[in-house]
Amino acid sequence: MIGILLVSHGPLAEGLFQTASFFLGEMPQITYRTLSADTDPSIFLQDIKSAIQEIDQGDGVYILCDLLGGTPFNQSMLLNRPDISIFTGMNLPLLLELAFSREPQNIDCSQILDSSKSGIRHFPLTAPEDMDYDEE
311 MIGILLVSHG PLAEGLFQTA SFFLGEMPQI TYRTLSADTD PSIFLQDIKS AIQEIDQGDG
371 VYILCDLLGG TPFNQSMLLN RPDISIFTGM NLPLLLELAF SREPQNIDCS QILDSSKSGI
431 RHFPLTAPED MDYDEE
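The structure is reproduced here in structure tokens:
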């Protein structure tokens with residue numbers, strides 16, 4: 311089974327981890343690391359490496375980063391390992407899709423990306439023309 315590591319600036323990765331556990335229950339081989347404002351990037355890289363050792367059982371690891379070009383992404387890119395894939399713009403649908411299809415033969419990255427993007431929508435809420443907001 312492929313491991314999943316969530317990395318972010320601040321507590322986003324922890325929040326996604328906690329929210330995913332609401333849906334999935336126990337999540338073996340999934341963990342997170344968060345970067346605080348005062349953490350040296352090289353220390354954060356060591357933290358990422360330690361997390362990978364915890365969750366990699368030989369099938370590789372997917373790293374989900376909050377932001378393309380940010381420190382969590384940049385430090386993850388320094389790993390330069392063929393058994394690690396990095397996704398940016400992590401969101402809950404992406405995490406759930408990967409968690410449900412972690413056997414190497416089940417992974418279709420294009421489909422997973424499409425699925426995670428499809429949940430991003432805009433629904434403008436407009437009020438009826440005749441509504442008077444001053445009335446109580």
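So the numbering used here is basically just the index in the sequence shown, starting at one, shifted up by 310.
The beta-carbon is built from N, C-alpha and C at its ideal position, and this holds for glycine as well.
Predicted model only: the values in this text are computed from it and were never measured.
7 Å Cβ cutoff met for L345 and P382: yes
Hey, E365 and G313 are a contact pair by Cβ (cut 8 Å); roughly how many whole angstroms apart? The sequence shown places Ile at residue 365, rather than the Glu named in the question. Confirmed, about 3 Å.
Spell out the partners DSSP gives H319 in its beta bridges. L345
Quick one: is E336 buried, meaning 16 or more other Cβ sit within 10 Å of its Cβ, or exposed? exposed
For M387 and D376, the rounded distance between their alpha carbons: 13 Å
Whole beta strand (DSSP E) runs in the segment 354 to 431 with 3 or more residues, listed along the chain? 371 to 375 and 394 to 398
Would you mind working out which of F327, S318, H319 and I417 sits nearest L405, comparing C-alpha positions? Restricting attention to F327, S318, H319 and I417, the CA atom closest to the CA of L405 is found in F327.
Distance between P434 and Q367 (C-alpha atoms, nearest Å): 45 Å
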